[in-house]
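As structure tokens, this is what we get:
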């Protein structure tokens, strides 16, 4: 079914193969010389694009890299997690299991709130590292860290329990590789306050039929208004 | 008796030397490619990864030999042998230096100076196609047989321009002996050019280069093993040292062909305008000529690598088209011109 | 004249339109299954419409949808209304053709309903070759049979696969069909 | 597909034709494609693609996951440009819910999508080179893709499976160092493209291998449902970014390249030019982005639990491969009732037999690479 082709005219330089081939060879030669020179540069990072990975770990990993999970402690060393189970619900791969525990008297220095997670299990073999758990977490307790070397020999090792998660946190803290606190994304302000602070963007425009004017208080972080929004969502789904 | 010993020493020496070059070539190929592609290449085994070929060799030797269920056993095992052997045997007539005087005895740096060296190389070189086509057939794999067929067609087609280009050289030098051709390239030509084959046969040189790229199955003529089309061509089913023989034979082939270029077109061990042998003793001149020769060879070896990592590969019919429609007419033309000049000069 | 009217004008007189819905600007027109090819030809050739590009063909299984649509909820689409008109057992499947008019850059969804006991649908491959694989996929996933399709085989699942995986009564985890696969010669 | 089985079988029995099974594990079959080719010598008589080796039931999965949970799954469709998939899906759900995304978020989406487009085209062109035997351009291009991934990594922590954006907007602003990175990257991108062109475009071997190979007429292409670079290579000027504009694409000044023959060379060339245009778009989008106030919203007000009203929409955007559409039907619950993905290469790949019939095996490989068939997207 191929239709006849519009013949492309070859120029003379194209017709005799050698000219373009020589040009190409000049190009590869330039790269060759550059890289040979570069590879004699002092260690560890020689040729610009190659990282001698296991030895050369100087490559900067993004501070918000979505790697190995950890359970954070607050500044007093108490567990942040309140075992609300939002992470488990949000997880697309259903790899998180949380069991609730109630704080007893005298455990205030261990757990930050009244509820804590008695167990917290993550199956790394299921996890897809989407980062939804850390986004959903109201306390910023579960966080994906910068650790990316996750290969293990057994299935059991790929199973993260609470102790491992806390250990991950301690290790990251020691190395100073904690994830910076999440920056809340500015959300469109509710219509009742028409174009209050927001300048000439169109975000304040009316005409969002689905999102009825359920006001969140000013510029709230999404996750903090979880319960409210849930209510709002339910109400909205009626229309 | 003495002649025998010397011959055997020469054989062993040159055999080991070519093996060494071929081994190093695998390293050069990979590192060179890497450097052209902004990578580093193998750099783990030894300094600069120089022991990488060794590691590869050990790996190939220790791997399990797998014989496909329906493969033809005899042809299957014959294939790699027939491919590697001619590559080595072709070196028998290749000069690799001028001569060396040891213990008052003059030794030519060539295993045997037969006066039909030329024909020998052509004959032996064509034998390599058997290894490929038998391996491809014996594997009982459609990709292998395709690779084998492509290779057969390609090698046979490119034998013709190769032979014609060589014929022109024979016209010019009037001899079939490679050593005589090498010796004839001393001095200058037309008073200012080095008396090298390339200046006497510029067109022939280009034709010859293209033809040997096809003979050696190198990019842009690496159709028989074009990995993106027919997996690995004729050696798809091979593993272990049988595969090693194929890969290695290819590099030995490269060395042979590069040496041939140097002997025929690049003045063998001569340096233009200077007759180095006058300044050196008979022993040191032998060594120096040997080194000069392989310096030139290494340039052509490098050229193989360089070209390979620069350009894409042809399609099967385009290769045939280039061979029959462009190279053979040009080679005939070249032959004609050469003959004309010789006639005029005489 | 907006698209809605034009489509009505084109299909209405011939009685080729069962219902028309609009959702967020996506016009969707339901047509009788038996006259699908006529509709497609009309839509393609009417100078006002010129839906000459077939984006996709997809099947939908409405089994769970009907179960879920309790009468207490006021539905906004005509889906349920259409169902009511048709009586107690609405056709289970839908085939939706996503059409596009290149010249006008307008999109239209053409919908037909297919009952479970009569799964034959006319193939539109004679009009758009683009329907080839999507129809095969709909056959693969829902068991819809396209009459006149040049090569109606399973596309994504293997040929011996016994079920239709995108139907709503097929479990997400599968039924372990792969265990019965026989490998070898 | 091919409708002359009887005569073909006869020929096959006579040994004139050979059936060669290319794939699913073959060096040139990207991912897990498989083509059963019947060849006469090296000439292809029939090439029937078999797909489904990477079928993961994404559409079925979508019916069991909430709207947000499906976003990471879309990453795994066209893994070369995950961001485009994310945005396409998000746009479908936003359309279903009637959400209007803030402008600044749209700009960030444009920037990221165009980066993804460059990355995708780079892989495609590079692989095309590799399949035709020219290895080196692949590395020059892939290095730049790596730098693009670096930007992605600093944007939200993942390189390949980005899970970019959320329904209604974004989850993060552009990183502070974006400008610096982009300024560094831009000349490198251009240089890599230039070098690729230098090595390939005018090289006669390359021209012989690509010009006129698997050429396709615009009528056929439209009938087969071609979109994207493959359609534009046939000479149809159609780009959803221009024709059905979304994400403020109408505010940017860019060209839509078209080819003439619809052959491999034109597809390659269209992709090369598109990369250049993408660079221009990113520049313009970033300029607009800079003009926005720092606290301009990036997310529309979206309920935490997304429950779109009953209805069905189809929303498409111009992915690097062509029209990537999502058909989403909601039954009012928090899970989609039906999600149908319209992958661009699915439509293109079904015409494969017509594309390569009568060509040679080597051309089949060139054709399949130039179509940029991504198994993840194809099989879903």
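Protein chains in written order, with the numbering used here: chain L, -10 to 228; chain V, 6 to 351; chain R, 156 to 340; chain D, 8 to 387. Note that the Cβ used here is the ideal one computed from N, Cα and C, for glycine as well.
CB-CB length for residue i against residue j, believed under 8 Å
{"i": "residue 219 of chain D", "j": "residue 97 of chain D", "result": "With a Cβ gap of about 41 Å, residue 219 of chain D and residue 97 of chain D do not count as contacting."}
{"i": "residue 104 of chain L", "j": "residue 91 of chain L", "result": "6 Å"}
{"i": "residue 61 of chain D", "j": "residue 358 of chain D", "result": "In fact, because the Cβ distance is near 20 Å, the residues do not count as touching under 8 Å."}
{"i": "residue 346 of chain D", "j": "residue 121 of chain D", "result": "Not quite, the Cβ-Cβ distance comes to about 25 Å (not below 8 Å), so this is no contact."}
{"i": "residue 298 of chain V", "j": "residue 102 of chain V", "result": "6 Å"}
{"i": "residue 57 of chain D", "j": "residue 43 of chain D", "result": "6 Å"}
{"i": "residue 321 of chain D", "j": "residue 288 of chain R", "result": "Actually they are not in contact, since the Cβ atoms of residue 321 of chain D and residue 288 of chain R sit about 18 Å apart, beyond 8 Å."}
{"i": "residue 386 of chain D", "j": "residue 311 of chain R", "result": "6 Å"}
{"i": "residue 363 of chain D", "j": "residue 51 of chain D", "result": "5 Å"}
{"i": "residue 408 of chain D", "j": "residue 351 of chain D", "result": "With chain D covering only 8 through 387, there is no way to say anything about residue 408 of chain D."}
Coil, strand or helix - residue i by DSSP
{"i": "residue 367 of chain D", "result": "strand"}
{"i": "residue 312 of chain V", "result": "helix"}
{"i": "residue 31 of chain V", "result": "helix"}
{"i": "residue 93 of chain D", "result": "helix"}
{"i": "residue 269 of chain R", "result": "strand"}
{"i": "residue 58 of chain V", "result": "helix"}
{"i": "residue 253 of chain R", "result": "strand"}
{"i": "residue 90 of chain L", "result": "strand"}
{"i": "residue 174 of chain R", "result": "strand"}
{"i": "residue 47 of chain L", "result": "coil"}
{"i": "residue 68 of chain L", "result": "strand"}
{"i": "residue 193 of chain V", "result": "strand"}
{"i": "residue 112 of chain L", "result": "strand"}
{"i": "residue 247 of chain V", "result": "helix"}
{"i": "residue 277 of chain R", "result": "strand"}
{"i": "residue 132 of chain D", "result": "helix"}
Among the options, the one whose alpha carbon lies nearest that of residue i
{"i": "residue 145 of chain L", "options": "L/111, L/166, L/107", "result": "L/111"}
{"i": "residue 164 of chain D", "options": "D/95, D/35, D/180, D/174", "result": "D/180"}
{"i": "residue 254 of chain R", "options": "R/181, R/157, R/173", "result": "R/181"}
{"i": "residue 105 of chain V", "options": "V/26, V/327, V/286", "result": "V/286"}
{"i": "residue 117 of chain V", "options": "V/15, V/51, V/310, V/250", "result": "V/15"}
{"i": "residue 297 of chain R", "options": "R/328, R/218, R/169, R/331", "result": "R/218"}
{"i": "residue 274 of chain D", "options": "D/127, D/217, D/29", "result": "D/217"}
{"i": "residue 306 of chain V", "options": "V/235, V/221, V/152, V/292", "result": "V/221"}
{"i": "residue 398 of chain D", "options": "D/214, D/212, D/243", "result": "For residue 398 of chain D there is no data in the structure shown, the boundaries of chain D being 8 and 387."}
{"i": "residue 278 of chain D", "options": "D/310, D/257, D/204, D/116", "result": "D/204"}
{"i": "residue 1 of chain V", "options": "V/61, V/124, V/43, V/42", "result": "Any answer about residue 1 of chain V is impossible in this case: the structure gives chain V only from 6 up to 351."}
{"i": "residue 274 of chain R", "options": "R/168, R/323, R/293", "result": "R/293"}
{"i": "residue 231 of chain D", "options": "R/309, R/282, R/205", "result": "R/282"}
Identify every run of the alpha helix (DSSP H) within the stretch 115 to 150 of chain L, keeping only runs that are complete inside it and at least 4 residues long; order them along the chain.
Counting whole runs of 4 or more residues, the stretch 115 to 150 of chain L contains the alpha helix (DSSP H) stretches 121 to 125.
Along the stretch 0 to 24 of chain L, where does the CB come closer than 8 Å to a CB of chain V? Name the residues.
7, 10, 13, 14, 16, 17, 18, 20, 21, 24
When you check each C-beta in the stretch 308 to 340 of chain D against every C-beta of chain R, which residues fall closer than 8 Å?
Hits within the stretch, in order: 316, 317, 318, 319, 320, 321, 323, 330, 332, 334, 336, 338, 339, 340.
Determine which residues of the stretch 27 to 57 of chain D have a Cβ less than 7 Å from any Cβ of chain V, and write them out in chain order.
27, 33, 34, 35, 49
Residues of the stretch 105 to 117 of chain D with Cβ closer than 9 Å to any Cβ of chain L, in chain order
105, 106, 107, 108, 109, 110, 111, 112
Fully enclosed by the stretch 317 to 353 of chain D, which beta strand (DSSP E) runs are 3 residues long or longer?
318 to 326, 329 to 337, 343 to 349
Start-end ranges of the alpha helix (DSSP H) lying completely within the stretch 51 to 80 of chain D, minimum 4 residues:
65 to 71
Residues of the stretch 29 to 52 of chain L with a CB closer than 8 Å to any CB of chain V: list them in chain order, please.
With the criterion set as a beta carbon lying under 8 Å from some beta carbon of chain V, the members of the stretch 29 to 52 of chain L are 35, 36, 37, 38, 39, 41, in sequence order.
List, from N- to C-terminal side, the alpha helix (DSSP H) runs of 4 residues or more that fit wholly inside the stretch -7 to 30 of chain L.
DSSP assignment within the stretch -7 to 30 of chain L yields the following whole alpha helix (DSSP H) runs of 4 residues or more, N-terminal first: 1 to 4, 6 to 28.
Members of the stretch 305 to 330 of chain V near chain L, C-beta cut-off 8 Å:
311, 312, 314, 315, 316
Whole alpha helix (DSSP H) elements within the stretch 198 to 230 of chain V, 4-residue minimum
202 to 205, 207 to 220
Which residues, in chain order, does the stretch 206 to 237 of chain D contribute to contact with chain L at a C-beta distance below 7 Å?
206, 209, 210, 211, 212, 214, 218, 219, 221, 222, 223, 224, 227
Contact set between the stretch 276 to 297 of chain R and chain D, restricted to residues whose Cβ is under 7 Å from the partner:
283, 284, 285, 287, 288
Of all the alpha helix (DSSP H) runs that stay within the bounds of the stretch 150 to 175 of chain D, which reach a length of 4 or more residues?
none
Residues, ordered as in the chain, of the stretch 253 to 269 of chain R that lie near chain D by beta-carbon distance below 7 Å:
Taking 7 Å as the upper bound on Cβ-Cβ separation, chain D lies near residues 253, 257, 260, 262, 264 of the stretch 253 to 269 of chain R.
Pull out every residue of the stretch 74 to 87 of chain D whose Cβ sits closer than 9 Å to any Cβ of chain L, in chain order.
75, 76, 77, 78, 79, 80, 82, 83
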